[in-house]
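So the sequence shown is numbered by full-length UniProt numbering: it starts at 1 and just counts up by one.
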Amino acid sequence: MVWSSNLAIKGVLTSSFSTECKDAHDFGNAKSENPPPPPPKLEISLGGSKAEDAPPPIPPIVPPPVVAVYIDQRKHFTTKHKFATWNDLLEWVGEKARKLGFSTVIGKSDNGGNGRSVVVTSICERGGSYTEYKRKSRRYLLTGGEWSLKVGDGKRNHDITDVLKGHKTVGRLNPNERVHLEEMVDSNVPSRQMLTNLKKRNRTTSTTIKHVYNASYRYRRSIRGTRNDMQHLLKSLVDNGYIYHYRKYPDSEVVSDVFWAHPDSIKLFNTFSTVLVLDSTYKTNKYRLPLLEFIGNTSTMKTFSTAFAYMMSERQDNVYWALERCHVPGDCHCGFQAVAFLRYLIVDDHTLVWYNLYKELIGVENARYRTMINNDRRYKEILGVLSYAGIGNVPWDKWMTMPDMSFLIAQKCNQPIVVLSTGLGPSATYFPLCGPSPPPSISPLMCLTYVNDNHFMALDLKDGCLIPPTCNLWRRHHQDDADNWPDRYVSRMVDYNELNQW
Numbered sequence: 001m002v003w004s005s006n007l008a009i010k011g012v013l014t015s016s017f018s019t020e021c022k023d024a025h026d027f028g029n030a031k032s033e034n035p036p037p038p039p040p041k042l043e044i045s046l047g048g049s050k051a052e053d054a055p056p057p058i059p060p061i062v063p064p065p066v067v068a069v070y071i072d073q074r075k076h077f078t079t080k081h082k083f084a085t086w087n088d089l090l091e092w093v094g095e096k097a098r099k100l101g102f103s104t105v106i107g108k109s110d111n112g113g114n115g116r117s118v119v120v121t122s123i124c125e126r127g128g129s130y131t132e133y134k135r136k137s138r139r140y141l142l143t144g145g146e147w148s149l150k151v152g153d154g155k156r157n158h159d160i161t162d163v164l165k166g167h168k169t170v171g172r173l174n175p176n177e178r179v180h181l182e183e184m185v186d187s188n189v190p191s192r193q194m195l196t197n198l199k200k201r202n203r204t205t206s207t208t209i210k211h212v213y214n215a216s217y218r219y220r221r222s223i224r225g226t227r228n229d230m231q232h233l234l235k236s237l238v239d240n241g242y243i244y245h246y247r248k249y250p251d252s253e254v255v256s257d258v259f260w261a262h263p264d265s266i267k268l269f270n271t272f273s274t275v276l277v278l279d280s281t282y283k284t285n286k287y288r289l290p291l292l293e294f295i296g297n298t299s300t301m302k303t304f305s306t307a308f309a310y311m312m313s314e315r316q317d318n319v320y321w322a323l324e325r326c327h328v329p330g331d332c333h334c335g336f337q338a339v340a341f342l343r344y345l346i347v348d349d350h351t352l353v354w355y356n357l358y359k360e361l362i363g364v365e366n367a368r369y370r371t372m373i374n375n376d377r378r379y380k381e382i383l384g385v386l387s388y389a390g391i392g393n394v395p396w397d398k399w400m401t402m403p404d405m406s407f408l409i410a411q412k413c414n415q416p417i418v419v420l421s422t423g424l425g426p427s428a429t430y431f432p433l434c435g436p437s438p439p440p441s442i443s444p445l446m447c448l449t450y451v452n453d454n455h456f457m458a459l460d461l462k463d464g465c466l467i468p469p470t471c472n473l474w475r476r477h478h479q480d481d482a483d484n485w486p487d488r489y490v491s492r493m494v495d496y497n498e499l500n501q502w
C-alpha cells in the first residue's frame, strides 16, 4: 500500500508539505507597466489672462515583481521504512513537519476497491484553497498490511515559523496531557491555570487557551452523557452530598426553582445566623437563569457562601421560597440581635436594643403609639416583651413582633426599615412617625427578613433595589413634619408593585 502526499495545483500533483500560497502563483509572471503619459497642459482664459500651468500628476507606484521562493523538503520525508498502521505513518510525518516549522493534515483518503489502492494523502495545513466546512460522517481507513511513504513533490513556499502558534493540529493535546487536563477539570482548576500547568510540563507545546476550552467542554460533556442540564445538576448534588430542594410547575415535570447548600455551610450558618447577604446575578450562567447567592458573616467579619438557588424569575414568590429553604433553629433573640447588627453593635448588645425600644415606647410619643396600637392588652404585651429580664431561651410570646416594633425601631434609629416576610403579614416599609427626613447618607435603609415563621435576619440591600410599599398604619398616624420620608423611595416602590403584578 502506498502513502502519498500531494496537492493538485494547475493539474500538476505537488507536495502538500510545500503547498504554495494561492496568491503567489501569478506573482512570478507579473510585468511592470509604463506609467501613463502626463495630460496636456490646460490654459484657462480669465478675462484675457492665462492661468498658470497645472503641476504634472504624480505617476503611480508600481511594486516590483514578487518571485516565489520554493524550499524543497523532499529529503526530509524520503524513507524506505515500512509502517505497521496508517496512524503510525501520519504521526511520523507530523513530527517531521513540526521540526521543520509547519504542520500537516489529512487532505483526502481512499479505502480502495475496484482495483484502487488504499491511499491516505497528507497536505500542508496552510495549503490548498478555502472551502466551506461541511460536517460529514466519519470514514475509517483499512489498517491491515504495511504502509509505505511516497513523496510527490517536496516544494513549499510559505514562511517557516519557530513556534507553531495558531496551528490547530499541532496544538492538540496528547494522551498524557489530556489525562492531566481531565484531572484539573475535576479539581475545578481555572482554564488559564490549566494552560500554564500544561506549558510547565511541556515547554515546547503549541497548545492555546482555545484547545483547553474545547478539551474541557468535551470532557464535561462526556461525564454528563445523555442527561439534560437540570438532571445533571441534581445528580451532581446527590453525588457530592449537598442538601437540596426543588419545586416544579403545577401539573408539570419541569423544574422551576432549585436550592442547594453544603452541609459544612449549614453548620457555619447555624452558628452565625444573624447576618445573611443576598446577591442575585441575572443571565450570567449557561442556564440563563437568575442565580441567588446567600452569603453569611462570621464574628471575625469573614464571609462564607451559605447556599445557592436557581430561580425562573426574580419575583417575590421565588425569593421567599429560597429564603424559606434556609433551615435555621428558632432563636428567641434573633430579631433584636439583627437590629443590633444593623446599628453596628455586636449581637450580644441585643439587651441594649430592648432597653432603647422600651424607653421609646414609654417616652414622649407614648400617646401616639397607644393610639396606633389601639388595644390596651396588645400594648401591655409589647411592654412585656421589651422589659423581659429572663436568662436563656425566651418564650415565644416574648419574641419581636411586627408591625408594632417596626415603628419603634424606625423612630428610635431615625431610619426607615424594610421588613420582608411571608408569615408576619405583607412585606412593607416603615418610616419614623415624626420628624423630617435627613440626607440618605445619614439615614440609610435597614432591612429585616422573617423566614420559616421562627427567625429574623438582617439583610444588606443593594443601592436602588426595589422595596415594598409604605405600611398603611404610617399613612394614618404620622405627623405632618414626616411627610417627606417616602419621597426618595417612591419610584422603587412603584416598580416593586408592578413586579408583583406579573
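Built from N, CA and C at the ideal position, the CB exists for glycine as well.
Does the beta-carbon of residue 299 have 16 or more other beta-carbons within 10 angstroms, so that it is buried, or is it exposed? Here residue 299 refers to the residue found at position 299 of the sequence shown. Exposed, since its Cβ has fewer than 16 Cβ neighbours within 10 Å.
Element boundaries [alpha helix (DSSP H), containing residue 413]: For this step, residue 413 is matched to residue 413 along the sequence shown. Per DSSP, the unbroken alpha helix (DSSP H) holding residue 413 starts and ends at 404 to 413.
Verify whether the separation of the beta carbon atoms of residue 291 and residue 285 is less than 8 Å. For this step, residue 291 is matched to residue 291 along the sequence shown. For this step, residue 285 is matched to residue 285 along the sequence shown. Yes, they are a contact pair.
When you compare only the Cα positions, how much space is there between residue 280 and residue 362? Looking up residue 280 in the sequence shown gives position 280. Looking up residue 362 in the sequence shown gives position 362. Taking the straight line from one Cα to the other gives about 41 Å.
Between the CA atoms of residue 71 and residue 92 - distance to the nearest angstrom: Counted from its first residue, the sequence shown places residue 92 at position 92. Counted from its first residue, the sequence shown places residue 71 at position 71. The alpha-carbon separation between residue 92 and residue 71 amounts to approximately 20 Å.
Start and end of the beta strand (DSSP E) containing residue 277? Counted from its first residue, the sequence shown places residue 277 at position 277. 276 to 281 is the span of the beta strand (DSSP E), which, as asked, contains residue 277.
Expressed to the nearest angstrom, what Euclidean distance is found between the alpha-carbon atoms of residue 340 and residue 498? Here residue 340 refers to the residue found at position 340 when the sequence shown is read from its first residue. Here residue 498 refers to the residue found at position 498 when the sequence shown is read from its first residue. CA-to-CA, the gap between residue 340 and residue 498 works out to about 33 Å.
Could you tell me the alpha carbon to alpha carbon distance between residue 239 and residue 233, rounded to whole angstroms? Residue mapping note: residue 239 aligns to position 239 of the sequence shown, counting from 1. Residue mapping note: residue 233 aligns to position 233 of the sequence shown, counting from 1. Residue 239 and residue 233 have their alpha carbons spaced roughly 10 Å apart.
For residue 321, which three-state DSSP category applies? Counting from 1 along the sequence shown, the entry for residue 321 is found at position 321. The three-state reading of DSSP puts residue 321 in helix, counting H, G and I together.
For residue 310, I'd like the list of residues in its chain whose CB is within less than 7 Å of its CB, leaving aside the five on either flank, ordered along the chain. For the purposes of this step, residue 310 is identified with residue 310 of the sequence shown, where counting begins at 1. So the list reads 257, 258, 287, 289, 291, once near-sequence residues are dropped.
Quick check: the Cα distance between residue 471 and residue 269, rounded to an integer number of angstroms? The sequence position of residue 471 within the sequence shown is 471, counting from 1. The sequence position of residue 269 within the sequence shown is 269, counting from 1. Rounded to the nearest whole angstrom, the C-alpha separation of residue 471 and residue 269 is 31 Å.
Would you identify the three-state DSSP class for residue 478, choosing helix, strand or coil? Position 478 of the sequence shown, counted from the start, is the residue given in the question as residue 478. Coil.
Short of 7 Å in beta carbon distance, which residues of its chain neighbour residue 358, apart from the five on each side in sequence? Order them along the chain. Residue mapping note: residue 358 aligns to position 358 of the sequence shown, counting from 1. Excluding its 5 nearest sequence neighbours in each direction, residue 358 has C-beta neighbours in its own chain below 7 Å: 386, 387, listed in chain order.
Please return the same chain residues whose Cβ sits closer than 7 Å to the Cβ of residue 484, not counting the five positions on each side in sequence. Residue 484 sits at position 484 when you count from the first residue of the sequence shown. Sequence-distant Cβ neighbours of residue 484 in its own chain, meaning closer than 7 Å and more than five residues away, are 436, 437.
Leaving out five residues before and five after residue 224 in sequence, what residues of the same chain have Cβ atoms less than 6 Å from its Cβ? As a first step, residue 224 must be located in the sequence shown, where it is residue number 224. Hits under 6 Å: 232.
Let me make sure I understand the geometry here. Which of 457, 326, 173, 487 has the alpha-carbon closest to that of residue 218? One-based indexing of the sequence shown puts residue 218 at position 218. When each option's Cα is compared against that of residue 218, the closest is 173.
Give the DSSP-derived three-state secondary structure of residue 49 in the structure shown. Counting from one through the sequence shown, the residue named residue 49 turns up at place 49. With a pLDDT of only 46 at residue 49, under the threshold of 50, the placement of this residue in the model should not be trusted, and no figure is reported.
6 Å CB neighbourhood of residue 243 in its chain, flanking five on each side removed: As a first step, residue 243 must be located in the sequence shown, where it is residue number 243. The beta carbon of residue 243 sits closer than 6 Å to the beta carbons of 261 from its chain, once the five residues preceding and following it are set aside; these are given in chain order.
Using only the alpha-carbon positions, how far apart do residue 182 and residue 65 sit? To locate residue 182, count along the sequence shown from 1; it is residue 182. To locate residue 65, count along the sequence shown from 1; it is residue 65. Pairing residue 182 with residue 65, the inter-Cα distance amounts to about 52 Å.
Residues bridged to residue 297 [DSSP beta-bridge criterion]: Along the sequence shown, one-based indexing puts residue 297 at 297. Looking at the DSSP output, residue 297 shares a beta bridge with 303.
Among 372, 179, 112, 95, the one whose alpha carbon lies nearest that of residue 474: Within the sequence shown, numbered from 1, the residue matching residue 474 stands at position 474. The shortest C-alpha to C-alpha distance from residue 474 to any of 372, 179, 112, 95 is the one to 372.
Span separating the alpha-carbon of residue 124 from that of residue 84: In the sequence shown, the residue the question calls residue 124 occupies position 124. In the sequence shown, the residue the question calls residue 84 occupies position 84. Taking the straight line joining both Cα atoms gives about 23 Å.
Name the one or two DSSP bridge partners that residue 446 has. Here residue 446 refers to the residue found at position 446 of the sequence shown. As computed with DSSP, residue 446 is found in a beta bridge with 417.
Starting from the Cα of residue 519, find the closest Cα among 77, 487, 317, 465 and give me that residue. Since the first and last residues shown for the chain are 1 and 502, residue 519 lies out of range.
Cβ-based burial, residue 344 [other Cβ within 10 Å; buried from 16]: To locate residue 344, count along the sequence shown from 1; it is residue 344. Taking all protein chains in view, the Cβ of residue 344 is surrounded by fewer than 16 other Cβ atoms within 10 Å, so the residue is classified as exposed.
Does the beta carbon of residue 251 fall short of 7 Å from some heavy atom of the ligand ZN? Looking at this structure, you won't find the ligand ZN or any other ligand, since it has none at all.
Helix, strand or coil: which one does DSSP assign to residue 287? Within the sequence shown, residue 287 is the residue found at index 287, counting from 1. Note: residue 287 maps to coil in three-state DSSP.
Buried versus exposed, by CB contacts within 10 Å (16 or more), residue 16: Start at 1 with the first residue of the sequence shown, and residue 16 comes out as number 16. Here residue 16 scores only 35 on pLDDT, less than 50, and its place in the model is too uncertain to base an answer on.
First and last residue of the uninterrupted beta strand (DSSP E) at residue 257: Position 257 of the sequence shown holds residue 257. Bounds of the beta strand (DSSP E) holding residue 257 are 255 to 261.
According to DSSP, is residue 124 part of a helix, a strand, or is it coil? Residue 124 sits at position 124 when you count from the first residue of the sequence shown. Reduced to three states, the DSSP call for residue 124 is strand.
If you follow the beta strand (DSSP E) that residue 493 is part of, which residue opens it and which one closes it? As a working mapping, residue 493 is identified with position 493 in the sequence shown. Run containing residue 493: none in the beta strand (DSSP E); it sits in the alpha helix (DSSP H), 490 to 500.
Does the structure place the stretch 475 to 482 close enough to the stretch 443 to 457 that three or more beta carbon pairs sit under 8 Å? Counting Cβ pairs under 8 Å, fewer than three are found: no touch.
So residue 203 and residue 180 are supposed to be a Cβ contact under 8 Å. How far apart are they, rounded? For the purposes of this step, residue 203 is taken as residue 203 along the sequence shown, with counting starting at 1. For the purposes of this step, residue 180 is taken as residue 180 along the sequence shown, with counting starting at 1. Not really, about 15 Å apart at Cβ, beyond 8 Å.
Of the residues 482, 494, 249, the one placed nearest residue 468, counting alpha carbons only: Reading the sequence shown from its first residue, position 468 is the one you call residue 468. Cα-wise, what sits closest to residue 468 is 494.
For residue 429 versus residue 489, is the C-beta distance shorter than 8 Å? Indexing the sequence shown from 1 puts residue 429 at position 429. Indexing the sequence shown from 1 puts residue 489 at position 489. The answer is yes: Cβ separation under 8 Å.
Please report how far the alpha carbon of residue 294 lies from the alpha carbon of residue 314, in whole angstroms. Translated into positions along the sequence shown, residue 294 becomes position 294. Translated into positions along the sequence shown, residue 314 becomes position 314. Answer to the nearest angstrom: the Cα atoms are 15 Å apart.
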